[in-house]
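Residue numbers (my numbering), protein chains in the order written: chain A, 40 to 344; chain B, 24 to 328.
Heads up, the beta-carbon is just placed ideally off N, CA and C, and yes, glycines get one too.
Reviewing the structure listed below.
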C-alpha cells in the first residue's frame with residue numbers, strides 16, 4: 040500500500056517541480072547557492088560601506104588576531120601589519136576576484152562558442168585551422184602560457200582577463216563544435232534548409248538555442264577553474280598588482296607573516312575555497328537537473344532507507 | 024591504425040611548431056635586453072656592441088630563422104644571467120620536476136581509481152558520498168593556499184615536517200600531497216562516471232548471467248574498461264600537473280623546471296624561458312604520441328579502424 044502511494048507521489052512529482060524546489064531538496068547545492076548569493080551581495084554593496092576601512096591604516100591595531108572587537112567590529116576577523124581590517128579587505132577583494140573570473144569566463148564563452156559554431160558548421164578548411172589553433176593552446180600548461188604572456192604584456196587587469204579567457208576558449212570551442220556536428224545532421228535542420236533557410240538563420244534559430252545550455256553549464260565549472268588560475272597568478276606576483284587586491288594576492292602578502300599572523304593568509308584562501316567549491320557543487324547539481332536520465336534522483340521522494 | 028596514429032602525430036607536431044613561433048615572438052616583445060643587462064650608464068658603443076654580439080640588432084624574422092637553425096643543431100641559446108647554455112639549466116631542473124610529477128601521478132592515479140571504482144559500486148552510498156565530496160574538495164582547493172596552510176600547521180606549529188627544500192622522504196610528503204589534490208579530485212569524478220557506465224553495460228550483465236563471481240565482474244570486466252577513461256584524460260592530467268608543479272615548486276623551494284621558469288621570467292632571461300617551454304612542449308608531444316599508442320593497445324576498436 041505504501042509503495043503504491045509512494046509511486047503515486049513520484050508520478051505527481053515527475054510532472055515537474057519548479058527548479059527552486061528541486062534546489063531546496065539538495066542540501067549541499069542550497070548551501071552553495073546561499074554562499075554565492077551572499078558573495079554577490081558583498082561584492083555589489085560591500086565596498087561602498089567597507090572601502091574606507093579596507094585602506095585606513097591604524098598602527099594601534101596592527102596584527103590583531105581574529106575575534107578582537109576592542110578596535111571596532113570591523114576587526115572581528117583580525118587585521119594586517121598596517122592595522123587594516125581583514126574583513127573589509129576580504130570584501131573589497133571579492134569584487135576584483137569575482138569580476139576578473141566572471142569577465143574571463145563570459146569572454147571565453149562568447150569567443151569559444153562562436154568559433155565552435157563556425158568550426159562545426161562551416162566545415163573543413165576554416166574548421167580544421169580553428170581546431171589546430173585550439174590544440175596549440177590546449178596542449179600547453181595554461182599557467183606557463185599565462186606567465187609568459189603576462190610578463191610580456193604587463194600584468195594589467197585587461198591583459199589578465201584576456202589571458203585567462205584564451206586558456207579557457209578550447210573547452211567551449213570543442214563542446215560547441217561537437218554539438219553542432221551532431222545537431223546539424225538532424226531532421227529539423229534539413230527541413231529548415233529545404234525551406235530555404237539561410238546559413239545565419241539556421242545557425243541562430245536552430246543551432247544556437249540547442250548549444251547554449253550546454254555551454255552555460257560548463258561556465259559554472261569554468262568559473263571555479265578561472266578563479267583558481269587568477270588566484271595562482273596573483274599569488275605568483277604576476278596577476279593583479281598592488282594596491283589593487285584579490286584573494287590570491289592577499290594569500291601571497293600574508294605568506295610573509297605566516298608565523299606571526301596566520302589569519303592573513305588563511306582567510307583569503309578559505310574564501311577562494313568556499314567559492315570554487317560552491318561553483319563546483321552548483322554545476323554538479325545543474326548537470327543532474329538537465330540530464331533526463333539522472334533527474335529522477337533529485338525528484339524522487341526522500342526515503343529513509 | 025597507422026593513418027590514425029600519423030594523423031594524431033601530425034596534429035601534435037603542428038601544435039608544437041605553432042607554440043614555438045608564438046613563444047619566440049612573445050619573448051622578443053618583453054623589452055630590449057640591452058637595457059636589462061648593461062648598467063644604466065653604459066655608453067652607446069657598448070650597447071651597439073652588445074646588440075651586435077647577441078644578434079639583437081637584426082630584424083625579428085631573421086633572428087627567428089637563425090633561432091630555428093640553432094634549434095636544429097640542438098643549441099637553444101645562452102642564459103645571460105647564469106652565463107651557461109640554457110638547455111643545460113633546463114635539463115638539470117627537469118629530473119626534479121619529473122620525479123615529483125611521477126610520484127604524484129602514481130599515488131594520485133592508484134588512489135583515484137580505487138576510490139572512484141568503489142564509489143560507483145554503490146552510487147549514493149556512504150562511501151560514494153564521502154569519496155565524491157573529497158574529490159570535489161580536492162578539485163576546488165587552491166593549491167598554493169593548501170601548501171601554505173600545511174606549512175603553517177605541520178612545520179611552523181607542529182615542527183613535524185620541513186618547510187621547504189629537498190632531501191629525505193619527509194621533504195616529499197607535503198609537495199606530493201598538495202600536487203596530487205587536483206588530479207585526484209578530477210580523476211575520481213572521471214573514474215566514477217566510467218565505472219557507473221561499465222557496471223550498467225551489457226557485458227557486465229552477461230558476465231553476471233553466466234555466474235561469474237562478483238570480484239571478477241568488478242575487477243576484470245568493469246574496471247579494465249573503465250580504466251580507458253583514465254588514459255583518455257591522462258594528457259590533460261599531465262599538463263595540469265605541470266601547472267601545479269610551478270606553484271608547488273615555488274612554495275616549497277624545489278629546484279625544478281617550474282621554479283626555473285618563474286625565476287627566468289622575472290629576470291627576463293629569454294633563452295631559459297624559451298628552452299624551458301620547448302623542452303616542455305616536446306615532452307608533451309612525446310607523451311601525446313605515447314598515450315595514443317597506449318590507447319590503441321588497450322582498445323581493440325581503434326586497432327581495427
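Residue pairing of residue 108(B) in beta bridges, as defined by DSSP: 101(B). Below the 7 Å Cβ cutoff, chain A contributes no neighbours of residue 90(B), its closest Cβ being approximately 16 Å away. For residue 161(B), same chain residues with a beta-carbon under 7 Å away, outside a window of 5 residues either side, are 204, 205, 207, 208 in chain order. For the C-beta of residue 289(A), not a single chain B residue is nearer than 9 Å; the gap to the nearest is close to 10 Å. Between the alpha carbons of residue 257(B) and residue 132(B) lies a distance of about 10 Å. The beta carbon of residue 225(A) does not come within 8 Å of any beta carbon belonging to chain B, so the residue lies off that interface. In the structure shown, the three-state DSSP call for residue 298(A) is coil. Within the same chain, and ignoring the five residues on either side of residue 69(A) in sequence, the residues whose Cβ sits closer than 8 Å to its Cβ are 62, 63. Rounded to the nearest angstrom, the gap between the Cα atoms of residue 247(A) and residue 256(A) is 14 Å. With a threshold of 8 Å between beta carbons, residue 118(A) makes no contact with chain B. A distance of 8 Å or more separates the beta carbons of residue 215(A) and residue 166(A).
The beta carbon of residue 172(B) sits closer than 8 Å to none of the beta carbons in its chain outside the five residues before and after it. Of the other Cβ atoms in all chains shown, fewer than 16 fall within 10 Å of the Cβ of residue 88(B); this residue is therefore exposed.
Residue 302(B) is outside the set of residues whose beta carbon lies under 8 Å from a beta carbon in chain A. By the Cβ test, the segment 223-242 of chain B is not in contact with the segment 175-182 of chain B, since fewer than three Cβ pairs between them sit closer than 8 Å. Of the other Cβ atoms in all chains shown, 16 or more fall within 10 Å of the Cβ of residue 103(A); this residue is therefore buried. Rounded to whole angstroms, the gap between the alpha carbons of residue 250(A) and residue 82(A) is 31 Å. Taking the C-beta atoms as reference points, residue 312(B) is found no nearer than 8 Å to residue 124(B). For the beta strand (DSSP E) assignment, the segment 65-122 of chain A encloses no uninterrupted run of at least 3 residues.
Counting the other Cβ atoms within 10 Å of the Cβ of residue 221(A) gives fewer than 16, which makes it exposed.
When 275(A), 299(A), 301(A) are compared, the shortest CA-CA separation from residue 291(A) is found for 275(A). Among the CB atoms of chain A, none fall inside 8 Å of the CB of residue 87(B).
Proximity of chain B to residue 186(A) at the Cβ level (cut-off 8 Å) is accounted for by 269, 284, 285, 288, in chain order.
In terms of Cβ geometry, residue 288(A) and residue 296(A) do not form a close pair [threshold 8 Å]. Secondary structure within the segment 298-325 of chain A: not one fully enclosed alpha helix (DSSP H) run of 4 or more consecutive residues is present. In chain order, 173, 176, 177 place their CB closer than 6 Å to the CB of residue 209(A), counting only its own chain and leaving out the 5 sequence neighbours on each side. Linking residue 318(B) to residue 217(A) through their CA atoms gives a straight-line distance of about 21 Å.
According to the DSSP assignment, residue 156(A) belongs to the alpha helix (DSSP H) that extends over 125-160.
Interface criterion met: the Cβ of residue 168(B) is under 8 Å from a Cβ in chain A.
Residue 228(A): member of the alpha helix (DSSP H) spanning 226-233, first to last residue.
Under the DSSP assignment, residue 268(A) falls in the alpha helix (DSSP H) whose first and last residues are 247-275. Comparing C-alpha distances from residue 253(B) to each of 128(B), 233(B), 237(B), 159(B) shows the shortest one belongs to 128(B). Sequence-distant Cβ neighbours of residue 292(B) in its own chain, meaning closer than 7 Å and more than five residues away, are 102, 103, 104. Here residue 174(B) has 186 as same chain residues with Cβ atoms under 6 Å from its own Cβ, once five neighbours each way along the sequence are excluded.
Against residue 169(A), chain B offers no close residue; the least beta-carbon distance is about 12 Å (beta-carbon pairs closer than 8 Å). Assignment of residue 47(B) by DSSP, reduced to helix, strand and coil, places it in the helix class.
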